[in-house]
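Trainee: Letter 28 of the sequence shown, counting from 1, is numbered 28 in the UniProt record's numbering, and no numbers are missing. The C-beta atom is built at its ideal place from N, Cα and C for all residues, glycine as well.
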Amino acid sequence: MARDYAQDLSGMGRPVSLGSALSGAWGRTLTVFGPRCPYRVGDTVIGDDPFSGRREGVVVWQDRRSVGVKTPYGVFFFDHRLVKPLD
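Okay, here's the thing in structure tokens:
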């Protein structure tokens with residue numbers, strides 16, 4: 001199977017300091033305990049925001065804390081706590 005990308009080899013062979021290794025490990029540990037979005041791309045949801053109003057649509061983008069909901073009027077971004085699944 002052919003790949004459409006090539007690995008960047010410029011970083012190989014460089015020494016890694018103990019501080020940078022520990023800071024990377026600490027950052028990955030903190031992201032595990034951070035908030036995660038429970039919705040996936042393709043889920044039908046209702047976003048209820050006091051500023052942009054109530055919007056019903058499909059999730060087209062999701063991050064750890066926010067989702068992008070595509071409606072007939074465009075894409076609106078909501079905090080994942082303001083979004084509920086459509087019943």
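Can you list, in chain order, the residues of its chain whose CB lies under 6 Å from that of K84, leaving out five sequence neighbours each side?
Mentor: Hits under 6 Å: I46.
Trainee: Just confirm the distance between the C-beta atoms of W61 and G68, as a whole number of angstroms; I'd bet it's less than 8 Å.
Mentor: Confirmed, Cβ separation roughly 3 Å.
Trainee: Locate the alpha helix (DSSP H) running through R28, then write down its first and last residues.
Mentor: Taken as a continuous stretch (DSSP letters only), the alpha helix (DSSP H) holding R28 covers 18 to 32.
Trainee: Only counting the same chain, and skipping five residues up and downstream in sequence, which positions put a Cβ closer than 8 Å to that of L82?
Mentor: Correct list, in chain order: G47, D48, D49.
Trainee: Who does Q62 pair with in a DSSP beta bridge?
Mentor: For Q62, which the question treats as bridged, DSSP gives the partners V67.
Trainee: Measuring CB to CB, does R40 end up less than 8 Å from V58?
Mentor: No; because the gap between Cβ atoms is not below 8 Å, this pair is not in contact.
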